[in-house]
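Each protein sequence line maps, in turn, to chains S and Z. Residue numbering for the first sequence follows our numbering, beginning at 9 and increasing consecutively. Residue numbering for the second sequence follows our numbering, beginning at 3 and increasing consecutively. Beta carbons: idealized from backbone N, C-alpha and C, even for Gly.
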Amino acid sequence: KAGVTQTPRYLIKTRGQQVTLSCSPISGHRSVSWYQQTPGQGLQFLFEYFSETQRNKGNFPGRFSGRQFSNSRSEMNVSTLELGDSALYLCASSPGGGSTEAFFGQGTRLTVV
Amino acid sequence: AQKITQTQPGMFVQEKEAVTLDCTYDTSDQSYGLFWYKQPSSGEMIFLIYQGSYDEQNATEGRYSLNFQKARKSANLVISASQLGDSAMYFCAMRVLLTGGGNKLTFGTGTQLKVEL
Numbered sequence: 009k010a011g012v013t014q015t016p017r018y019l020i021k022t023r024g025q026q027v028t029l030s031c032s033p034i035s036g037h038r039s040v041s042w043y044q045q046t047p048g049q050g051l052q053f054l055f056e057y058f059s060e061t062q063r064n065k066g067n068f069p070g071r072f073s074g075r076q077f078s079n080s081r082s083e084m085n086v087s088t089l090e091l092g093d094s095a096l097y098l099c100a101s102s103p104g105g106g107s108t109e110a111f112f113g114q115g116t117r118l119t120v121v
Numbered sequence: 003a004q005k006i007t008q009t010q011p012g013m014f015v016q017e018k019e020a021v022t023l024d025c026t027y028d029t030s031d032q033s034y035g036l037f038w039y040k041q042p043s044s045g046e047m048i049f050l051i052y053q054g055s056y057d058e059q060n061a062t063e064g065r066y067s068l069n070f071q072k073a074r075k076s077a078n079l080v081i082s083a084s085q086l087g088d089s090a091m092y093f094c095a096m097r098v099l100l101t102g103g104g105n106k107l108t109f110g111t112g113t114q115l116k117v118e119l
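If you want it as structure tokens, here you go:
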């Protein structure tokens, strides 16, 4: 059974650009959540998708957006990148609902210069 | 609001010894779940163990066990027979249900564990 796959693993972007990150959940899992990890703020919740619908969003500006496809794969997009967006972005896969499972991918390390 | 507190920024343990990583939580919800993750320097968040708020027995997974004390709102991770490969950052997290019908994980600040020979 394949795990959670995030691509790309590393990205370097320039301020003002936009970026798209991808997450393929475990087969059969319908919920995908995104988290941002920085040394200063720790792990913060970005948003959660379930069956192609965004159910919840964390306290992030509108530059952060996402979507989920019918095969449960999810993408997140960050527009007009700022230096402070440099972080490790992690996605978590779970079956949905109040699941006892939440498995993470290896993360995408984004550096904004 | 839900909160996870990990008061040990760093811990050292000798190889083959047991170590306890502390985690306390705060929530007014009756139903919640507690997770422990290991994050090596590579960045991947590795699931270790889960405890549900209604589970009466402490969870165990191989060398990992969770010392769940509901009344004290603590969920400490115990690693037995530490190995060099256990050196990593460890995060305690709580699953909270949100009004939109979904849920999210709230994380503590982590404990950096170093296993020594």
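Using the three-state DSSP reduction, which class does residue i fall into: helix, strand or coil?
i: leucine 99/Z; result: strand
i: aspartate 24/Z; result: coil
i: leucine 86/Z; result: helix
i: glycine 92/S; result: helix
i: serine 30/Z; result: coil
i: isoleucine 34/S; result: coil
i: leucine 119/Z; result: coil
i: serine 59/S; result: coil
i: serine 73/S; result: strand
i: asparagine 67/S; result: coil
i: asparagine 85/S; result: strand
i: serine 101/S; result: strand
i: glutamine 52/S; result: strand
i: lysine 5/Z; result: strand
i: glycine 11/S; result: coil
i: threonine 28/S; result: strand
i: glutamine 16/Z; result: strand
i: lysine 108/S; result: Note that residue 108/S is threonine in the sequence shown here, rather than lysine. Looking at threonine 108/S - three-state DSSP - the assignment turns out to be coil, as it is neither helix nor strand.
i: leucine 10/Z; result: According to the sequence shown, residue 10/Z is glutamine rather than leucine. Of the three classes helix, strand and coil, the one that applies to glutamine 10/Z here is coil, per DSSP.
Where does the unbroken beta strand (DSSP E) through residue i begin, and where does it stop?
i: glutamine 41/Z; result: 35-41
i: tyrosine 43/S; result: 39-46
i: methionine 47/Z; result: No beta strand (DSSP E) holds methionine 47/Z; DSSP gives it neither H nor E.
i: asparagine 60/Z; result: Neither: asparagine 60/Z is in no beta strand (DSSP E) and is coded neither H nor E.
i: asparagine 105/Z; result: 105-109
Please classify residue i as buried or exposed, where buried requires at least 16 other C-beta atoms within 10 Å of its C-beta.
i: phenylalanine 55/S; result: buried
i: tyrosine 97/S; result: buried
i: proline 33/S; result: buried
i: tyrosine 39/Z; result: buried
i: isoleucine 20/S; result: exposed
i: serine 35/S; result: exposed
i: alanine 100/S; result: buried
i: asparagine 85/S; result: exposed
i: asparagine 67/S; result: exposed
i: tyrosine 52/Z; result: buried
Give the DSSP bridge partners of residue i, in chain order.
i: arginine 117/S; result: Tyr18/S and Leu96/S
i: alanine 77/Z; result: Phe70/Z
Meets three-Cβ-pair contact criterion under 8 Å: the segment 80-90 of chain S and the segment 39-51 of chain S: yes
Three or more C-beta pairs below 8 Å linking the segment 23-36 of chain Z and the segment 82-90 of chain Z: no
The segment 23-32 of chain S / the segment 49-64 of chain Z touching (three or more Cβ pairs under 8 Å): no
Contact between the segment 11-22 of chain Z and the segment 100-118 of chain S (3+ Cβ pairs under 8 Å): no
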